[in-house]
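Participant: Take a look at the following structure, please.
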Amino acid sequence: MELKIALVAGAVGALAGCAGAADGSSPSQADTTPEPDPAAGNAALMSLNENMARLRALAVFDADHVIFDMPGHSSNCYSVCKHRQIAALRVDKLADVAESAVKTPAPDACAEATIEKNLAALNALHIVHVEGLIKDEPKNSANCYQPCEPVVQDAKALTCERAGKLASIVNAAKDL
Numbered sequence: 004m005e006l007k008i009a010l011v012a013g014a015v016g017a018l019a020g021c022a023g024a025a026d027g028s029s030p031s032q033a034d035t036t037p038e039p040d041p042a043a044g045n046a047a048l049m050s051l052n053e054n055m056a057r058l059r060a061l062a063v064f065d066a067d068h069v070i071f072d073m074p075g076h077s078s079n080c081y082s083v084c085k086h087r088q089i090a091a092l093r094v095d096k097l098a099d100v101a102e103s104a105v106k107t108p109a110p111d112a113c114a115e116a117t118i119e120k121n122l123a124a125l126n127a128l129h130i131v132h133v134e135g136l137i138k139d140e141p142k143n144s145a146n147c148y149q150p151c152e153p154v155v156q157d158a159k160a161l162t163c164e165r166a167g168k169l170a171s172i173v174n175a176a177k178d179l
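Using my numbering, read the sequence shown as starting at 4 and increasing by one per residue.
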C-alpha cells in the first residue's frame, strides 16, 4: 500500500513539474505566466529546425543547439512544456532579427576581444548555444608553398565581415 502511495505521489510530482514546484512552494513568476496558445506553440516547435537552418545559413556563427533551460522556468518536463514553446518562439525571433541585421555589418568589429565579447553577449541571451564565429581559413595553392598573400587577405576580409555581422546581430538582438 505504501508503495502505491509513493508511486502516485511521484507521478503527481512529475506532472506538476511543468506547472511549478511539487513540494507546495510557490512557482517562479515566469512559471505563473499564461500558457502560450497551443496552436502557436505547436507551430513554433515544428519550425524550430527551419529557424536553426536560417541561422546557420547566415554563415556568421556556429549555433549548435537551442537552449531550453531558460532561467525562471521548470526543467522537470516529460512533454512539451511552455518554456520549450517559448524557446522555439525566441529562436524564430532571433532568426528574423539576425537576417535583418546582417545586411548592415558593424564597422570595427574585427578585433578578437570584440568578437569574444559579442559571442558571449549572444550566448548570454540563452536562445541558442554559439560555439564561435565562422572564420575563413586561407588555402594553399599550387603557386605558393603556403597561402598566397592575396588569399590570406581575402580570408581576413571575409572573417572581418562576419565579425561585423555578428556585432550587428548582437546589437539588434539585445532585447530578445
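Don't be surprised by glycine CBs; every beta carbon is placed ideally from N, CA and C. Since the structure is predicted, the reported quantities are computational estimates derived from the model, not experimental observations.
#1: Which whole-angstrom value describes the C-beta separation of F64 and L136, a residue pair presumed to lie in contact below a C-beta threshold of 8 angstroms?
#2: Using DSSP with H/G/I as helix, E/B as strand and the rest coil, what is S31?
#3: Need the endpoints of the beta strand (DSSP E) that E134 sits in, please.
#4: Determine the extent of the alpha helix (DSSP H) in which D157 is found, giving its start and end residues.
#5: Where A160 and H68 are concerned, what is the direct C-alpha to C-alpha distance, given to the nearest angstrom?
#6: Given that a residue counts as buried once 16 or more other Cβ atoms are within 10 Å of its Cβ, and exposed if not, what is N121?
#7: If I measure Cβ to Cβ from Q149 and keep anything under 7 angstroms in the same chain, skipping five residues before and after, which residues do I get?
#8: Out of curiosity, what's the CA-to-CA distance linking A102 and P153?
#9: Taking Cβ positions, are A158 and E140 nearer each other than 8 angstroms?
#10: Consult DSSP for D111 and reduce its assignment to one of helix, strand or coil.
#11: Out of L58, A166, L51, point me to the one whose CA is closest to A90's CA.
Facilitator: The answer reads as follows:
#1: If you number the sequence shown from 1, residue 64 lands on position 61. If you number the sequence shown from 1, residue 136 lands on position 133. Indeed, because the Cβ distance is near 6 angstroms, the residues count as touching under 8 angstroms.
#2: Here residue 31 corresponds to residue number 28 of the sequence shown, with the count starting at 1. Caution applies to S31, whose pLDDT of 46 falls short of 50 and renders its modelled position unreliable; the value that the coordinates give is listed next. S31 carries a coil assignment under DSSP once its states are collapsed to helix, strand and coil.
#3: For the purposes of this step, residue 134 is taken as the residue at position 131 of the sequence shown. Residue range 131-136 is occupied by the beta strand (DSSP E) that includes E134.
#4: Counting from one through the sequence shown, the residue named residue 157 turns up at place 154. Segment 152-176, the alpha helix (DSSP H) holding D157.
#5: Residue mapping note: residue 160 aligns to position 157 of the sequence shown, counting from 1. Residue mapping note: residue 68 aligns to position 65 of the sequence shown, counting from 1. One C-alpha to the other measures close to 28 angstroms.
#6: Against the sequence shown, residue 121 aligns to sequence position 118. N121 should be labelled buried.
#7: Position 146 of the sequence shown, counted from the first residue, corresponds to residue 149. Cβ neighbours of Q149 beyond the five flanking positions: N143.
#8: Residue 102 sits at position 99 when you count from the first residue of the sequence shown. Residue 153 sits at position 150 when you count from the first residue of the sequence shown. This sequence places Glu at residue 102; Ala is not what is there. Those two C-alpha atoms are separated by around 29 angstroms.
#9: The residue given as residue 158 occupies position 155 in the sequence shown. The residue given as residue 140 occupies position 137 in the sequence shown. The answer is yes: Cβ separation under 8 angstroms.
#10: Translated into positions along the sequence shown, residue 111 becomes position 108. Looking at D111 - three-state DSSP - the assignment turns out to be coil, as it is neither helix nor strand.
#11: Along the sequence shown, one-based indexing puts residue 90 at 87. The shortest C-alpha separation from A90 is found at L51.
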